[in-house]
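Student:
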Amino acid sequence: MKIQKLFQKTLVGIFFLFAVISLSTSALCIYTVDTHLSAEYESNSRGIAKTIADSSVDILLNRDLSALQSLIDQFIEIQGISYIYITSEHGEFLAHTFVPGIPTEIAQSDHSSRATVERNLPGMGDFVEVSSPILAGVAGAVHIGMDTGLIALKIQRAVGQQVYLISSIFIIGVFSAIWLVRLAAKPIDSVIAYAARLARERNKDSSDDTLLARDDEVGQLARLFLYFSMVMDFDKARGTPPGENT
Amino acid sequence: MRRMTRREVLGSGLGGFMAIPWLFRPNAWAEPDDLTDQRRKQEMNGETNPDARTEQTGVTDAEIVLGVSAAFSGPSRGLGIELYRGANAYFEHVNRAGGIQGRKVVLKTYDDGYQPNPAVTNTMTLVQQDQVFALFGYVGTPTVTRVLPMLKKFQGKNAYLFFPFTGAQPQREPPYGDFAFNLRASYRQETAGLVDNFVSIGNKRIAVFYQADAYGRSGWAGVRLAMSRYGLQIAGEATYRRGAKFSGSMRRQVEILKQSNPSAVICIGSYAACAAFLRDAVDLGLEVPIANLSFVGSENLLKLITEGRDDSRRYTNLLVNSQVVPSYEDTSIPAVKQYREMMDRYDPQPPSHVLKEDYTSFSYSFVSLEGFLNAKLMVEILRRLGDQPDRNKLEDAVFTISDFDIGIDERVSFGPDRRQGLQQVYYTVVESGRFVTLKSWEGRFAS
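Residue numbers (this note's numbering), protein chains in the order written: chain A, 18 to 263; chain L, 36 to 482.
What follows is the structure, encoded as structure tokens:
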């Protein structure tokens, strides 16, 4: 499909406009999803950690550790939770969900801290870890690691969908613009051809009824060309330079 | 009348739309036959509360129905199948001899694949829909620990769990200990025995390889407790995910344990994973005694590790497995002799309706011997209920079991504070391609 030269710059403009829209909305989307999801994940993790911590008191004081493991195994099924571990007040691991073993970074970390920790565990990924004390910390703490890779995946998916939508609109827009341009350019081409014919075949009957009958700008232009042609023929017959008789 | 909001209208419409398939399913409006029958019987007895009337549940003039949910599929299916076969050998014997007071013992069987959620669903079906007399022969800690709260919920129905194939503590302690009866020794006893013996021969750096779930944690806690009595700590630990197959690699776990330089390893897992660990440990040069608990399924483990190997001795030389029943090779034990006779005579088959994968049964195994002993004691309890078996009297019947000779070298007793029948732990090693009783730890493992 040949794009009219007149509209090539417009199409380039449209392309850049769409690129700016796409980039800016993607950036906004990344920021919004990341901020909201991170906040929501951290909040949920804290809630879950507190729930486990509250439920663990009775188990830790009265029951076997297998009951504690059974409890955390149920929570690990929740999407986004990557690991859970429970440490005693002395930092000993009482139950955990790590396979094939407790990562060195976690084994060597300070388990008394209750602050949110961002962890990068080799071979496992990036995590946000939250903690909740059991019995105000005197019986240990529950630690939950949320996979930030999942947030990245959700962002990727959201941005991907957005880019897909904008790209689709862009492609449809470009093809529509070309079609509209061609639709608009076709009568102009006819007028140009008509004017050229008038110039070339002045002494013949060059009137184009269809074109002259149009009541739009194209028709007016055609009639104007015909008028100028007739004026020029008339002046030529009188021997005066074109246009001086008016 | 209050006007419904737009959201409520949409919600009701969606709910109604989703209910259409349920409304048009077969018998949507009918009650299950057995439920209807049960209710009819209750109404005839003038009872309105279903929980209030539990006698006759699971019992007809011809049958006493016991409910089983166990692993009949997946990498641990050998445990469920062998336990079932052993129990069925004895039930078959009793049924052919006229049953209990003329009633045959029937097992209503479901597969849970050694997964907690199906085990919970199966239990609900067995108690509420099938209305079995008692639950029997469940397999696994992660499954049983999830089922226990349900038994507490059904305590009005007196739905007891008999002789689960797990040595974990939750069904031996409050708050759920009152709803289960155990025959086998606990994991605590098994791990304590292993630790005591390893320490006695100077192997004090004990590492643990365990399944990352309640079963693994139960064994891990047992090892930790036993070692703390000697002022020791677990030297190193590595885990694997439940459902791991023999074809999978355990090299990473072996490498982790090697870093702790252990002098012995105690494995708390099922046969496929433990066989894979043993294979990779020997291949990577971790040549220390490697112990397994009874739950492992010794014959299945041995089959995996030796099948198609010319140098299988290399893999089994340092292997030691604890057992909660005596060796099935020792025919001087009356129950073992009886077990072997009945396994030979009846050749019990796995339940075909739940069997999804091929399985080659063993003629004899520790697991099926345990199933056999479970069935033997269950029959004795049912006999003691008399000619009108009543679930309300089940617990009392169990408590009458005192100093009962089940046919092995240990007598069985139960009581309100004693919900585990046997206490003894046995140790076995591989000799000439089969498990035999370990005679001397010193002679076998001392370096």
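Backbone N, C-alpha and C define an ideal beta-carbon position, used for all residues, glycine too.
This one's a predicted model, so the numbers in the text were calculated from it and none came from an experiment.
Could you tell me whether the Cβ atoms of Ala203(L) and Tyr250(L) are closer together than 8 Å?
Tutor: Their beta carbons are under 8 Å apart, which means Ala203(L) touches Tyr250(L) by this criterion.
Student: Please determine if the stretch 38-45 of chain A and the stretch 56-69 of chain A are in contact, where contact requires at least 3 C-beta pairs separated by less than 8 Å.
Tutor: These segments do not touch.
Student: Contact criterion: CB-CB distance below 8 Å. Does Leu238(A) meet it with respect to chain L?
Tutor: Chain L contact via Cβ: absent.
Student: Determine which residues of the stretch 70-88 of chain A have a Cβ less than 8 Å from any Cβ of chain L, and write them out in chain order.
Tutor: So the close ones are Asn79, Arg80, Asp81, Leu82, Ser83, Ala84, Leu85, Gln86, Ser87.
Student: Inspect the beta-carbon positions of Val389(L) and Phe107(L) and report whether they are closer than 8 Å.
Tutor: Against a cut-off of 8 Å, the Cβ pair of Phe107(L) and Val389(L) comes out as a contact.
Student: From Arg287(L) to Leu186(L), what distance separates their C-alpha atoms?
Tutor: Using only the alpha carbons, I get a separation of about 39 Å.
Student: Would you please verify whether the beta carbon of Phe144(A) is less than 8 Å from any beta carbon of chain L?
Tutor: By this cut-off, Phe144(A) is not an interface position.
Student: Return the CA-CA distance between Ser295(L) and Leu321(L), expressed in angstroms with no decimal places.
Tutor: So the two alpha carbons sit approximately 11 Å from each other.
Student: Mind checking the stretch 118-140 of chain A against chain L and listing, in chain order, the residues whose C-beta falls within less than 9 Å of any C-beta there?
Tutor: Against chain L - using a Cβ distance shorter than 9 Å - the residues of the stretch 118-140 of chain A are Gly118, Ile119.
Student: Unbroken alpha helix (DSSP H) runs of length 4 or more, entirely within the stretch 134-204 of chain L: which are they?
Tutor: DSSP runs (the alpha helix (DSSP H)) wholly in the stretch 134-204 of chain L: 151-159, 176-188.
Student: Measure the alpha-carbon distance for Gln345(L) versus Phe168(L) and round it to whole angstroms.
Tutor: As written in the sequence, residue 345(L) is Asp, which differs from the Gln given in the question. Whole-angstrom Cα-Cα distance: 49 Å.
Student: Quick one: any contact between the stretch 120-129 of chain L and the stretch 368-383 of chain L, if contact means 3 or more CB pairs under 8 Å?
Tutor: Yes, the stretch 120-129 of chain L touches the stretch 368-383 of chain L.
Student: Closer than 7 Å, Cβ to Cβ, to anything on chain L: give me those residues from the stretch 148-168 of chain A, in chain order.
Tutor: From the stretch 148-168 of chain A, no residue has a Cβ closer than 7 Å to chain L.
Student: Between which residues of its own chain and Arg136(A) is the CB-CB distance below 6 Å, once the five residues before and five after are set aside?
Tutor: Within the same chain, Arg136(A) has close Cβ partners Phe144, Glu146.
Student: Which full runs of the beta strand (DSSP E) of 3+ residues lie inside the stretch 117-179 of chain A, going along the chain?
Tutor: You should have 134-138, 142-150, 158-164.
Student: Which term fits Asp164(A), buried or exposed, when burial requires 16 or more other beta carbons within 10 angstroms of its beta carbon?
Tutor: When all chains shown are included, Asp164(A) counts as buried.
Student: May I ask you to report which of helix, strand or coil DSSP gives His107(A)?
Tutor: If DSSP states are grouped into helix, strand and coil, His107(A) belongs with coil.
Student: Can you pull the chain L residues whose beta carbon is under 8 Å from the beta carbon of Thr114(A), in chain order?
Tutor: Here the neighbours are Ala247.
Student: Can you look up Ala105(L) in the DSSP assignment and give me helix, strand or coil?
Tutor: Strand, per DSSP.
Student: Could you tell me whether the Cβ atoms of Val34(L) and Ala220(L) are closer together than 8 Å?
Tutor: A query on residue 34(L) cannot be resolved here, the shown segment of chain L reaching from 36 to 482 and no further.
Student: Does any CB atom of chain L fall closer than 8 Å to the CB of Asp90(A)?
Tutor: Yes, because at least one Cβ of chain L sits closer than 8 Å to the Cβ of Asp90(A).
Student: For Val371(L), collect the residues of the same chain with a Cβ closer than 6 Å to its Cβ; drop the 5 residues on either side in sequence, then sort them by chain order.
Tutor: Contacts found: Tyr363, Asp365.
Student: For a contact defined as C-beta to C-beta under 7 Å, what are the partners of Arg287(L) on chain A?
Tutor: Simply Pro117.
Student: Return yes when the Cβ of Ala212(A) is within less than 8 Å of the Cβ of Phe242(A), no when it is not.
Tutor: Their beta carbons are under 8 Å apart, which means Phe242(A) touches Ala212(A) by this criterion.
Student: Mapping DSSP to helix, strand and coil, what is Phe449(L)?
Tutor: Three-state result, Phe449(L): coil.
Student: With 16 other CB atoms within 10 Å as the buried threshold, where does Tyr48(A) fall?
Tutor: Per the 10 Å Cβ criterion, exposed.
Student: Mark Gln166(L) as exposed unless 16 or more other C-beta atoms lie within 10 angstroms of its C-beta, in which case mark it buried.
Tutor: Under this definition Gln166(L) is a buried residue.
Student: Can you tell me whether Leu457(L) is helix, strand or coil according to DSSP?
Tutor: Note: Leu457(L) maps to coil in three-state DSSP.
Student: By Cβ distance below 7 Å, which residues in the same chain neighbour Asp315(L) in space, the five residues on each side in sequence not counted?
Tutor: Within the same chain, Asp315(L) has close Cβ partners Ser284, Met285, Arg286, Val289.
Student: Within a Cβ cutoff of 7 Å, which residues of the same chain sit near Gly97(A), ignoring the five residues on either side of it in sequence?
Tutor: Excluding sequence neighbours, Gly97(A) sits near Tyr58, Met163, Asp164, Leu167.
Student: Check the DSSP bridge columns for Ala484(L) and list the partner residues they point to.
Tutor: Residue 484(L) lies beyond the stretch modelled for chain L, which goes from 36 to 482, so this question has no answer here.
Student: For Leu82(A), which option in Val50(A), Ala66(A), Phe110(A), Thr68(A) has the closest C-alpha, if you only look at C-alpha atoms?
Tutor: Out of Val50(A), Ala66(A), Phe110(A), Thr68(A), Phe110(A) has the C-alpha closest to the C-alpha of Leu82(A).
Student: According to DSSP, is Thr341(L) part of a helix, a strand, or is it coil?
Tutor: In the structure shown, Thr341(L) sits in a helix (DSSP, three-state: H, G or I).
Student: Between the stretch 437-444 of chain L and the stretch 331-345 of chain L, do at least 3 Cβ pairs fall closer than 8 Å?
Tutor: Contact between the stretch 437-444 of chain L and the stretch 331-345 of chain L is absent, because fewer than three Cβ pairs lie under 8 Å.
Student: So the candidates are Lys280(L), Gly304(L), Tyr245(L); which of them puts its Cα closest to the Cα of Ile291(L)?
Tutor: For the residues Lys280(L), Gly304(L), Tyr245(L), the minimum Cα distance to Ile291(L) belongs to Tyr245(L).
Student: Please go through the same chain and pick out, in chain order, the residues whose beta-carbon is closer than 7 Å to the beta-carbon of Ser72(A), but skip the five residues on each side of it.
Tutor: For Ser72(A), where only same-chain residues beyond five positions count, the Cβ hits under 7 Å are Leu88.
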